[in-house]
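If you're matching positions, the sequence shown starts at 377 in the numbering used here and goes up one per residue. Backbone N, C-alpha and C define an ideal beta-carbon position, used for all residues, glycine too. Quick caveat: nothing in here was measured; it's all calculated off a predicted structure. Inspection log for the structure reproduced underneath, given as structure tokens.
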Amino acid sequence: WWREYDKLIHWWDALDYIGIDAYFPLSNKNDPTINEVGATWQNIANYLDEFHEAVKKPVIFTEIGYL
């Protein structure tokens with residue numbers, strides 16, 4: 377899903393910050409538990425932290441929702 381962008385875009389250094397429309401798929405279930413959704417968000421946060429460290433740019437959510 378969204379992880380491809382870190383490999384496709386090679387001009388991160390031209391940006392002041394990275395804006396993300398955060399409509400991530402958080403579960404394949406119709407009725408996920410809070411813990412399942414929380415674990416998925418933790419994985420996303422970990423990835424974004426690594427991404428931030430790699431590109432040395434602030435990462436902000438410009439939109440957020442749930443798919």
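Compute the beta-carbon to beta-carbon distance between residue i and residue j, rounded to the nearest angstrom, for a pair I have assumed lies under 8 Å.
{"i": "Ile385", "j": "Val435", "result": "Going by Cβ atoms, the distance from Ile385 to Val435 rounds to 13 Å, so no, they are not a contact pair."}
Please state if the CB of residue j and the CB of residue i are separated by a distance shorter than 7 Å.
{"i": "Lys433", "j": "Tyr393", "result": "yes"}
{"i": "Ala390", "j": "Ile440", "result": "no"}
{"i": "Phe400", "j": "Ile420", "result": "yes"}
{"i": "Val431", "j": "Trp387", "result": "no"}
{"i": "Leu402", "j": "Val413", "result": "yes"}
With DSSP as the reference, please indicate the residues paired to residue i in a beta bridge.
{"i": "Val435", "result": "Ile394"}
{"i": "Ile420", "result": "In DSSP, Ile420 forms no bridge with anything."}
{"i": "Ile440", "result": "Ala398"}
Secondary structure at residue i, three-state DSSP: helix, strand or coil?
{"i": "Ile385", "result": "coil"}
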